[in-house]
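Student: Quick note on my numbering: the sequence shown kicks off at 676 and runs consecutively.
For glycine and all other residues, C-beta sits at the position ideal for the given N, C-alpha and C.
Input: one structure, supplied below.
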Amino acid sequence: MTSRKASILLIYTGGTIGMKQDPVDGTLKPFDFEHILSEVPELHKFALKIDSYTFDPLIDSSDVQPGLWQEIAGLIGRKYDRYDGFVVLHGTDTMAYSASAVSFMLENLEKPVVFTGSQLPIGALRTDGRENLISAVEIASAKDADGRPMVPEVCIFFDYTLLRGCRSTKVSSENFSAFSSPNCPPLAEAGISIRYNGGVIRRPAPGNAGLIVHKELDTRVSILKLHPGLTPEVARYFLLSPEIRAVILETYGSGNAPGTGWFPALVREADRAGKLIVNVTQCLSGSVDMDLYSTGKVLKEAGVVSGYDSTTEAMLAKLFYILALASRKEDARKLLEENLRGEISK
């Protein structure tokens, strides 16, 4: 009796990886992902069943909106029982936002969802797309000795490295190593073999209720990046606009902000107005600690919540998810402080 082939669904949303040079006019155009096995013949070497789904129309990653995340999460939910893993081909500019969002939208995930893309089209001679795609498919189909998926998480594979989706950020527009995860080690690294970091990979609790797809999002969130010369008028707009429920403060260093003058008073006013205010650092690595300096303590006393070592991309996605679940500020705040998908070191 032969065992069933593992099956992978390739989801092509758009982006550089799916481009191919037109032999007539030389322009880059999307190719038909129904014929991906002929475009990347190396995939034939896997003993896998590989299907593809192409979004129509294709979406440039600069045009990505929460509606795309809802479509991706909904598609995975509908196809979940038919496939062992999913590979999402996506443009790089907003990939970290999309991977973060889908991480929160897929609760109790037990199968790999691997986002990947490329800096050069897959048809280019020096493309990174072919290697990224091949390795992403291998990771999405990989199982341990007990038959469990090696990485039952939403993640990003790029330049030989697998990163947790809600820990990733784009750091280069030119290098093949376009993504980094400064506050969380890689989930896997691809060399001669793929080495999985079992101590970092998260697994669902035994006996969970199965996949739950959360498609509702509340996007009433603003991001205020502190900088010298910030005016009260601009800060007030981001902190106190009536249509805003939550604010991400991108602060200095370990979570510091101006401790005197108009700014602390404005933050306190926003807190009293019912705004949920979260502190994340502008630094690429490190964590918020509002007890370290007096300028951080001022924010804590004003009601600001620590975002710990979360990326801005993950915090935005987390707030979209949480605000849709919790109508009361107090309930949202409690969820915000929990480590839901490995997005913070807590």
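Is any non-hydrogen atom of the ligand FAD found closer than 8 Å to the C-beta of Ala1007, if you look at the structure I gave you?
Tutor: Among the components of this structure there are no ligands whatsoever, and the ligand FAD is therefore not found.
Student: Which same chain residues end up closer than 7 Å to Arg839 when comparing Cβ atoms and leaving out the 5 residues on each side of it in sequence?
Tutor: Residue 839 sits at position 164 when you count from the first residue of the sequence shown. Same-chain partners within the cutoff: Glu828, Cys830, Ser856, Cys859, Leu862, Gly1017.
Student: Within this structure, are the beta carbons of Val896 and Ile923 separated by less than 9 Å?
Tutor: Along the sequence shown, read from residue 1 onward, the residue named residue 896 stands at position 221. Along the sequence shown, read from residue 1 onward, the residue named residue 923 stands at position 248. Yes, the Cβ-Cβ distance between Val896 and Ile923 is below 9 Å.
Student: Tell me whether the beta-carbon of Val762 lies closer than 9 Å to the beta-carbon of Leu808.
Tutor: In the sequence shown, residue 762 corresponds to position 87, counting from 1. In the sequence shown, residue 808 corresponds to position 133, counting from 1. Yes, they are a contact pair.
Student: Are the CB atoms of Leu951 and Ala999 nearer to each other than 9 Å?
Tutor: As a first step, residue 951 is located in the sequence shown; it is residue number 276 there, counting from the start. As a first step, residue 999 is located in the sequence shown; it is residue number 324 there, counting from the start. Going by C-beta atoms, Leu951 is not nearer than 9 Å to Ala999.
Student: Ignore the nearest five residues each way along the sequence and tell me which others in Tyr996's own chain have a CB closer than 7 Å to its CB.
Tutor: In the sequence shown, counting from the first residue as 1, residue 996 sits at position 321. Excluding residues within five positions, the ones whose Cβ falls inside 7 Å are Phe779, Met780, His889, Leu892.
Student: In whole angstroms, give me the CA-to-CA distance for Ser981 and Leu914.
Tutor: Position 306 of the sequence shown holds residue 981. Position 239 of the sequence shown holds residue 914. Using only the alpha carbons, I get a separation of about 16 Å.
Student: Can you give me the Cβ contacts of Met676 inside the same chain, cut-off strictly under 6 Å, excluding the 5 residues immediately before and after it?
Tutor: The residue labelled residue 676 in the question sits at position 1 within the sequence shown. Caution applies to Met676, whose pLDDT of 39 falls short of 50 and renders its modelled position unreliable; the value that the coordinates give is listed next. Here the set comprises nothing.
Student: With the cut-off set at 9 Å, would you say Phe790 and Ser810 are in Cβ contact?
Tutor: Working through the sequence shown from its first residue, we reach residue 790 at position 115. Working through the sequence shown from its first residue, we reach residue 810 at position 135. Going by C-beta atoms, Phe790 is not nearer than 9 Å to Ser810.
Student: Kindly list the residues whose CB is nearer than 6 Å to the CB of Gly971, restricted to its own chain and excluding five residues on each side of it in sequence; keep chain order.
Tutor: Here residue 971 refers to the residue found at position 296 when the sequence shown is read from its first residue. For Gly971, where only same-chain residues beyond five positions count, the Cβ hits under 6 Å are Gly930, Asn931, Met965.
Student: Given Ala799, which residues of its chain have a CB within under 8 Å of its CB, disregarding the five upstream and five downstream residues?
Tutor: Sequence index remark: in the sequence shown, residue 799 carries index 124 (1-based). Answer for Ala799: Gln696, listed in chain order.
Student: Given this structure, state the Cα-to-Cα distance separating Leu750 from Ile725, to the nearest angstrom.
Tutor: What you label residue 750 is simply residue 75 of the sequence shown in a count that begins at 1. What you label residue 725 is simply residue 50 of the sequence shown in a count that begins at 1. So the two alpha carbons sit approximately 16 Å from each other.
Student: Grab the span of the alpha helix (DSSP H) containing Glu806 for me, first residue to last.
Tutor: Indexing the sequence shown from 1 puts residue 806 at position 131. Unbroken alpha helix (DSSP H) run through Glu806: 804–816.
Student: Could you say which of Asp803, Thr729, Asn783, Asn850 lies nearest to Ala880 if we only look at CA atoms?
Tutor: Here the question's residue 880 lines up with position 205 in the sequence shown. Cα-wise, what sits closest to Ala880 is Asn783.
Student: Could you check where the beta strand (DSSP E) with Ile869 kicks off and where it finishes?
Tutor: If you number the sequence shown from 1, residue 869 lands on position 194. From DSSP, the beta strand (DSSP E) with Ile869 extends over 869–871.
Student: Pick out whichever of Leu1010, Glu1005, Glu988 has its Cα sitting closest to the Cα of Pro741.
Tutor: Residue mapping note: residue 741 aligns to position 66 of the sequence shown, counting from 1. Ranking Leu1010, Glu1005, Glu988 by Cα distance to Pro741 puts Glu988 first.
Student: What is the rounded straight-line gap between the Cα of Tyr835 and the Cα of Ala853?
Tutor: In the sequence shown, residue 835 corresponds to position 160, counting from 1. In the sequence shown, residue 853 corresponds to position 178, counting from 1. About 11 Å.
Student: For Tyr871, which of Glu908, Pro824, Leu905 has the nearest alpha-carbon?
Tutor: Working through the sequence shown from its first residue, we reach residue 871 at position 196. Comparing Cα-Cα distances from Tyr871 to each of Glu908, Pro824, Leu905, the minimum goes to Pro824.
Student: Output the distance between the C-alpha atoms of Thr802 and Thr906, rounded to the nearest integer angstrom.
Tutor: Translated into the one-based positions of the sequence shown, residue 802 becomes position 127. Translated into the one-based positions of the sequence shown, residue 906 becomes position 231. For Thr802 and Thr906, the distance between alpha carbons rounds to 45 Å.
Student: If we count the other Cβ atoms within 10 Å of its Cβ and call it buried at 16 or more, is Trp937 buried or exposed?
Tutor: Numbered from its first residue, the sequence shown carries residue 937 at position 262. Classification of Trp937: exposed, given that the 10 Å Cβ count is below 16.
Student: How many Å lie between Tyr687 and Ser969 at the Cα?
Tutor: Your numbering for residue 687 matches position 12 in the sequence shown. Your numbering for residue 969 matches position 294 in the sequence shown. C-alpha separation (whole angstroms): 48 Å.
Student: If you draw a straight line from the C-alpha of Leu1032 to the C-alpha of Glu806, how long is it?
Tutor: Since the first residue shown for the chain is 676 and the last is 1021, residue 1032 is missing from the structure and cannot be characterised.
Student: Helix or strand or just coil, what does DSSP make of Asp726?
Tutor: Indexing the sequence shown from 1 puts residue 726 at position 51. Strand.
Student: Between the beta-carbon of Tyr758 and the beta-carbon of Ser682, is there less than 9 Å?
Tutor: Residue numbering aside, residue 758 sits at position 83 when the sequence shown is read from its first letter. Residue numbering aside, residue 682 sits at position 7 when the sequence shown is read from its first letter. Cβ distance < 9 Å, so Tyr758 and Ser682 count as in contact.
Student: Rounded to whole angstroms, how far is the Cβ of Thr900 from the Cβ of Gly949, which I believe are closer than 8 Å?
Tutor: Here the question's residue 900 lines up with position 225 in the sequence shown. Here the question's residue 949 lines up with position 274 in the sequence shown. First, the amino acid is wrong: residue 900 is Lys here, not Thr. Actually they do not touch by this definition, with Cβ atoms about 22 Å apart.
Student: Spatial neighbours of Ser1002 within its chain, please: C-beta separation below 7 Å, excluding the five flanking residues on both sides.
Tutor: Indexing the sequence shown from 1 puts residue 1002 at position 327. Closer than 7 Å at the Cβ level, and outside the excluded window around Ser1002, lies no residue.
Student: Do Ala771 and Thr956 have their CB atoms nearer than 9 Å?
Tutor: Here the question's residue 771 lines up with position 96 in the sequence shown. Here the question's residue 956 lines up with position 281 in the sequence shown. No, the pair does not count as a contact, with Cβ atoms beyond the cut-off.
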